[in-house]
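When you read off a place in the sequence shown, starting at 1, and then add 257, the result is the number in this note's numbering. Backbone N, C-alpha and C fix where the C-beta goes; we use that ideal spot for every residue, glycine too.
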Amino acid sequence: GPRPFGAGGVVTAVGREASGATVVDVDARRSLDDPWPSLARVIWLALALLLLAVHAPLAVLRLRAAAARKRGLAEYARRPAAARSAFF
C-alpha cells in the first residue's frame, strides 16, 4: 500500500493516470528556500504587462491620428488651387 515519503521541490502539475492513480510532478530544481529569482520574474512580468497596458492605447491613438491626417491630406489635395497673383 501507500507509504509515507518526502520530496523536495515545487509541485508543477497534478493529474491522474488511466488506472486512477494520482500523478504529482515535482520540479526538484525549484525551491521556496530562495524566493528572489521567482520574485524577480514576477516583477519583470508585471512591468511588461504595465508597459503593454500603457502602450497599446497610445498605439491606437496614434493610428487614429494618422488616419485622420491621411484623410485631411486627401481632402486638401482635392481642393482647387488658389488663383495666383498676377503681380509677380
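Is it the case that the Cβ atoms of residue i and residue j are separated by a distance below 7 Å?
i	j	result
residue 283	residue 264	yes
residue 287	residue 266	yes
To the nearest angstrom, how far is the alpha carbon of residue i from that of residue j?
i	j	result
residue 270	residue 292	19 Å
residue 300	residue 285	23 Å
residue 317	residue 323	10 Å
residue 325	residue 339	24 Å
residue 347	residue 336	In this structure the chain extends from 258 to 345, so residue 347 is not present and cannot be described.
residue 331	residue 302	43 Å
residue 321	residue 273	51 Å
Any chance you could list the beta strand (DSSP E) runs of at least 3 consecutive residues sitting entirely within the region 267-327, in chain order?
267-273 and 279-284
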